[in-house]
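Residue numbers (the working numbering): 283 to 1263.
Where a beta carbon is used, it is the ideal one built from N, C-alpha and C, also for glycine.
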């Protein structure tokens, strides 16, 4: 019985086990005691199960998955967060079933939870679709991520930059192939701003492309160069740029362009100059940059300027444009860039680019200038900027073949600008009237202003101010407009009186506002003719508007005799003095009488302007106020323009020379309470417009040199009074360049002005800034003499890098001057630094004329003068070239004469005489004069009875001195020369 019971239990267990097996299609199980049938059913596979490896086996329940009711979404999301935090992974079933599928079924609680806290849950879910789905294949992860992303967009759940970053990182973890540019474009369309973390996936994806055979091109490498350079990692950027050789010429060009653009974007002009120098082709002296890179660099320079006008960047832009290669399509791109700079108020860089249009005749120059004028007025720029821009354009494009009239465009834009009031328009008219209509022949300029004023009572004061500008004859105006704006409204306001008609009252009102009697009659006559023409077309007299034509005709007849036939008392003509009287006033320095005479009667007819103008200018600059100085300049400008045909061909015949303009600039510097280099530059342009033919010429070489040295010495003093900065020095350098550009000065080979600049910067700011200043002179003005100050600093200071800096300066200077001149200057500086032996070794490789130039350039004492002359005579064999030797000797004697160095002059004579270099007659006279000056001083201070030493000319200490022996030799040589002659 017991066995039977156990058998029954085993049988029931087997049946229950079979019942739990999956259903088969054909078998039907039958038993003797009970039968059951496992019916077959057609299975429909779920594609989602394949994504998470679920439902592949019969009788195996899904791991860790329980069919439950709808859970709280907050619990589900919190479980995902905890799983990621603790285990760094999450189940694919959780993300797919509990999140993605519910979103696809529009589960309201889950959607509400995500919308309520998108910053918390959305990046979490997106990041979980990457590596944390460790039990899901990459392709399945990619599908889950795409479906989740699509649902987030469809349900309008807020997506932030962190959400995008999480999705991009998940795509990288899934090794998906995606387009970084497309994703970035989608972000921009979604109006989401990327952050720093966003670009890391982009860079990584670009790097992943290498697995698929993607080769990093020269464009991407150039982008890397730009990234490192713009962040200031110059060493890494330079190394990447040097590696661009493997991409060929285009790769090198792109890398250099990236370096240049990055330096400009940083606003680092020193780095930019360095990179630009590296980008110059040694053979062609042109920049090896694409035109797009050049233009973008100029744009960045303008954007990084101090005040937006980019006035301090013009020098560098000019240098870049002078070295730019002009390939096909260059001028079309140039036109586009000029418009771009003008529209963004970068006027000075626009002018610099505009000057490049002179290379081609039909490049819409007039259109660009017109746009520049309209933009200046539209933006309401200050008058000083408008005048400065106008002066620069006027000077740059005022040749005979290009008559650019920017002032006309400016005034036209001001008169037609809608938003300007009539007061602002009249201010522009007053400011530009002398440049637009010097002879006052364009009366119609007042009409746009009058038409904007509604009431005739307000128009009349404006008309009065216009007449005071010099427009006395208004009869040339269109009578139709004049009658509508002035005549008819005024006539309607007048009331008739017994003793005076309305027309008489109208005439009296017009006269009270400055209208001349003759001009008034002509206006009335034109009005009569217009009224007569109108009345002919209207047959009904009642339609005629008063005044009638017959009334105007009667008025004209009544006042004709009084206006044209009756003699009027005229003022006595101004008394003109004779030219001799004018000269006497100048000699007696009677400035008040001189001003009264010139303002009243003008210049005498027989005035010799070339003779008298220098004296008058000197007198006014020394003794008169600045207002009187400006008045005499205006008078002289009219004389200069009146005889322009004669002075244009020969600049030496103009009454106002270029060095006179420098004296005027010096007075302007002394006059200003606050020293402003920019205002000084603007005034230089105004002087050039006043005296267009006062250019530098060979005849005024020494006067020009003397005046510009005085001018810049005073500028340095004014800078010392203020806080000297690198920017103020740059402004002064720009002023110097402007003077050279305006042809007021010419920097000759032995100029010392740039040496003074470099020395000042060296003293104030140190070696690095002084070196940068010298390189600015090298690139901008091709003046390399500043190396003297740098070399002296290297040789006299005890810096560790002194020798290295010397070699760098010599190497840089050799690119702008001959090797012999560099060696000669170096030898001169070595002598000044008491290194005679080194100077002896270097001096042998210098040239003859270079030795002569060095003695003018280097500041020296008496002993240096003799030592350097001896070095030139020994090492350079200067005596073999008599012409150069005599030039050097003459210069040294002139210096001795100006400094009252009589004994040194004798030693110079002896030194050159030992090498057979004889003195000319003029030089002997100069030497004798120097000796005589020294003798007078000796008798006054040394010899008895007044001298302190109480010596006599016969004392042995005097007669046996070397100077006495040399003087005796000079006398003997002079006697021999006279005997031979």
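Alpha carbon to alpha carbon, how far is residue i from residue j?
i: residue 880; j: residue 1069; result: 50 angstroms
i: residue 450; j: residue 375; result: 22 angstroms
i: residue 625; j: residue 774; result: 47 angstroms
i: residue 956; j: residue 950; result: 11 angstroms
i: residue 744; j: residue 602; result: 49 angstroms
i: residue 1111; j: residue 1154; result: 14 angstroms
i: residue 649; j: residue 958; result: 33 angstroms
i: residue 1044; j: residue 574; result: 37 angstroms
i: residue 952; j: residue 996; result: 8 angstroms
i: residue 798; j: residue 608; result: 59 angstroms
i: residue 1115; j: residue 1109; result: 10 angstroms
i: residue 1119; j: residue 1072; result: 20 angstroms
i: residue 589; j: residue 552; result: 19 angstroms
i: residue 439; j: residue 576; result: 45 angstroms
i: residue 938; j: residue 675; result: 23 angstroms
Is it buried or exposed, residue i, if we count other Cβ atoms within 10 angstroms and call 16 or more buried?
i: residue 762; result: exposed
i: residue 691; result: buried
i: residue 1058; result: buried
i: residue 673; result: buried
i: residue 600; result: buried
i: residue 467; result: exposed
i: residue 461; result: exposed
i: residue 890; result: exposed
i: residue 515; result: exposed
i: residue 565; result: exposed
i: residue 698; result: exposed
Quick one: measure Cβ to Cβ for residue i and residue j, integer angstroms, because I've assumed they're closer than 8 angstroms.
i: residue 686; j: residue 757; result: With a Cβ gap of about 32 angstroms, residue 686 and residue 757 do not count as contacting.
i: residue 596; j: residue 639; result: Incorrect: roughly 16 angstroms between the Cβ atoms, too far for contact.
i: residue 894; j: residue 914; result: Not really, about 12 angstroms apart at Cβ, beyond 8 angstroms.
i: residue 232; j: residue 381; result: Any property of residue 232 remains undetermined from this structure, which presents the chain solely from 283 to 1263.
i: residue 546; j: residue 579; result: 4 angstroms
i: residue 656; j: residue 695; result: 4 angstroms
i: residue 1075; j: residue 1036; result: The Cβ separation is near 15 angstroms, so there is no contact.
i: residue 1301; j: residue 989; result: Residue 1301 is absent from the structure shown; the chain starts at 283 and stops at 1263.
i: residue 1201; j: residue 1209; result: 7 angstroms
i: residue 250; j: residue 936; result: Lying outside 283 to 1263, the shown extent of the chain, residue 250 is not represented and no answer is given.
i: residue 378; j: residue 435; result: Wrong, their Cβ atoms sit about 18 angstroms apart, outside the cutoff.
i: residue 1051; j: residue 1008; result: 6 angstroms
i: residue 718; j: residue 693; result: 5 angstroms
DSSP three-state call for residue i: helix, strand or coil?
i: residue 1006; result: coil
i: residue 372; result: coil
i: residue 562; result: strand
i: residue 620; result: helix
i: residue 569; result: strand
i: residue 795; result: coil
i: residue 1201; result: coil
i: residue 434; result: helix
i: residue 1067; result: coil
i: residue 627; result: coil
i: residue 474; result: coil
i: residue 1093; result: helix
i: residue 603; result: helix
i: residue 662; result: coil
i: residue 845; result: helix
i: residue 610; result: coil
i: residue 418; result: coil
i: residue 592; result: coil
i: residue 447; result: helix
i: residue 699; result: coil
- Say whether the stretch 464-475 touches the stretch 502-522, bearing in mind that this needs 3 or more beta-carbon pairs closer than 8 angstroms, one atom from each stretch. no
- Query: Should the stretch 441-457 be regarded as contacting the stretch 392-399, the criterion being three or more beta carbon pairs within less than 8 angstroms?
  - Reply: These segments do not touch.
- Query: Counting Cβ pairs closer than 8 angstroms, one from the stretch 501-508 and one from the stretch 531-544, do we hit at least three?
  - Reply: yes
- Message: I'd like to know if the stretch 996-1012 and the stretch 698-718 are in contact, where contact means that at least 3 CB-CB pairs between them fall below 8 angstroms.
- Response: no
- Message: Closer than 8 angstroms is the cut-off here; do at least three beta carbon pairs connect the stretch 612-625 with the stretch 550-565?
- Response: Counting C-beta pairs with one atom in each stretch, the stretch 612-625 and the stretch 550-565 have fewer than three that are closer than 8 angstroms, which means they do not touch.
- Query: Does the stretch 832-841 touch the stretch 865-882, meaning 3 or more C-beta pairs lie closer than 8 angstroms?
  - Reply: no
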